[in-house]
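Novice:
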Amino acid sequence: MLLAVPELPEVESLRRSLTPLIGRRVVSLDVARWDIVAPTSRQRDPAARAAQSPQRNHHSLLVGARITELRRHGKHLAILADDGRALDVHLGMTGQLLLRAPDAPPATGGHIHLTWTLDDRSALAFRDPRRFGGIWAHPTLDALLQSRWATLGPDALTLTADHLAQSLGATARSIKAALLDQGVAAGIGNIYADESLFRAGIRPTRVARRLTADQIHTLAAAVRSTLAQAIEAGGSTLRDFVRADGAPGAYQTGHAVYGRAGLPCTSCGSVLKSAQIAQRTTVWCSRCQR
DNA sequence: CACCACCCCTGGACGC
DNA sequence: TGCGTCCAGGGGTGGT
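Count along the first sequence from 1, then add 18; that gives the number in this note's numbering.
1. Based on the DSSP secondary-structure assignment, which residues constitute the bridge partners of residue 299?
2. May I ask you to report which of helix, strand or coil DSSP gives residue 183?
3. If you reduce the DSSP assignment to three classes, tell me which class residue 233 lands in.
4. Can you tell me whether residue 259 is helix, strand or coil according to DSSP?
5. Can you give the beta carbon distance from residue 95 to residue 104, rounded, assuming they're within the 8 Å contact cut?
6. Have a look at the DSSP bridge pairing and note the partners of residue 124.
7. In angstroms, rounded to a whole number, what distance separates the CA positions of residue 31 and residue 306?
8. State the DSSP-derived secondary structure class of residue 48, mapped to helix, strand or coil.
9. Roughly how many whole angstroms lie between the Cα atoms of residue 137 and residue 177?
10. How should residue 106 be labelled, buried or exposed, when 16 other C-beta atoms within 10 angstroms of its C-beta is the threshold for buried?
11. Give me the Cα-Cα distance between residue 23 and residue 111, rounded to the nearest whole angstrom.
12. Would you check if the distance between the CB atom of residue 252 and the CB atom of residue 28 is smaller than 7 Å?
13. Tell me, please, whether the region 149-160 touches the region 208-228 by the rule of three or more beta-carbon pairs shorter than 8 Å.
14. Tell me which same chain residues have a C-beta within less than 8 Å of the C-beta of residue 187, skipping the five on either side of it?
15. Sorted by chain position, which residues of the same chain lie with C-beta nearer than 7 Å to residue 36's C-beta, five sequence neighbours on each side aside?
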């Protein structure tokens, strides 16, 4: 709870903070752990994991190319290059992309798995202590769009009530489980699922297909506004983070329910409830959310 | 097919 | 103070 899990707002803030990369050419790459590159099925046995680890090809990972664009969809970040290649970055739970000023000392703290050196002697490092994140190389943007991003729903920041209604359709799942499904909308994680449901006044246990059209409309708007506000609030924190020392952000301020189980509801004062829903800790107000 | 339990991983919190 | 235990969660996979 101290360090915000990267969901859509954090990845968007990160994307914006990485604009100095645009126009830079990748000179070289240092890979400390190849199992971070295109991790497929996570094997329990480290030897088996290493064996199925991808082609150890630095050049597939943007070496020699010039970075032209940073694109985000949901929690995914794509780094696009002038020769068409596309790198898909997913931060998992603890992943970070750290931009280092030219000739600045290397990032500290360990767990740095890849480091790209750029033509102005700045560097980009991928750090991920828990290693739930990863990097996927694609020869073209189309290849990326047709593989890893193909199963993603629309970006949650622009989620419409029509699309939400359509994807909830006949599903018997809880609305909480549906919101966490990246195929329904891309970018919502545990924090913003709970925050959006609170804002919409909808109980997370509700069967998704039983929501009324009005509730779906309210929920889609709540998802959009919650994420948009988080981007606004999160931007500066992430910029600090990228700037230098990896100081953690203070994202917890502003959360109405996430991490507040047992505390009074900010709206009505009732004690907030907590339970496991869809294998995730879920917090809600049983009075405000119906 | 839809859904769900489990697993990967490490660091921080907490109890004794 | 130190050590053991638990918990956090995105998403892939395999089972029901």
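Glycine is no exception: its CB is placed at the ideal position from the N, C-alpha and C atoms. Given the structure is predicted, the values throughout are model-derived calculations rather than measurements.
Specialist: Result, derived from the coordinates:
1. On the first sequence, residue 299 is found 281 positions in, with the first residue counted as 1. Residue 299 is bridged to 294.
2. Residue 183 sits at position 165 when you count from the first residue of the first sequence. Three-state result, residue 183: helix.
3. Along the first sequence, one-based indexing puts residue 233 at 215. Helix, per DSSP.
4. Working through the first sequence from its first residue, we reach residue 259 at position 241. Low local confidence applies: a pLDDT of 47 at residue 259 is under 50, so the model's placement there is unreliable, with the coordinate-based value given in what follows. It is helical.
5. Locating residue 95 in the first sequence gives position 77, counting from the first residue. Locating residue 104 in the first sequence gives position 86, counting from the first residue. Actually they do not touch by this definition, with Cβ atoms about 11 Å apart.
6. Taking the first residue of the first sequence as position 1, residue 124 is located at position 106. None, per the DSSP bridge assignment.
7. As a first step, residue 31 is located in the first sequence; it is residue number 13 there, counting from the start. As a first step, residue 306 is located in the first sequence; it is residue number 288 there, counting from the start. Roughly 31 Å between the two C-alpha positions.
8. Within the first sequence, numbered from 1, the residue matching residue 48 stands at position 30. Reduced to three states, the DSSP call for residue 48 is strand.
9. If you number the first sequence from 1, residue 137 lands on position 119. If you number the first sequence from 1, residue 177 lands on position 159. Distance from the CA of residue 137 to the CA of residue 177, rounded to the nearest whole angstrom, comes to 39 Å.
10. By one-based count along the first sequence, residue 106 stands at place 88. By the neighbour-count rule (16 or more Cβ atoms within 10 Å), residue 106 is buried.
11. Stepping through the first sequence from its first residue, residue 23 is reached at position 5. Stepping through the first sequence from its first residue, residue 111 is reached at position 93. The straight-line gap from Cα to Cα measures roughly 5 Å.
12. Your numbering for residue 252 matches position 234 in the first sequence. Your numbering for residue 28 matches position 10 in the first sequence. A contact, by the Cβ cut-off of 7 Å.
13. no
14. Taking the first residue of the first sequence as 1, we reach residue 187 at position 169. If we look at residue 187 and ignore the five residues flanking it on each side, its Cβ neighbours are 227.
15. As a position in the first sequence, residue 36 is number 18, starting the count at 1. Closer than 7 Å at the Cβ level, and outside the excluded window around residue 36, lie 88, 115 and 117.
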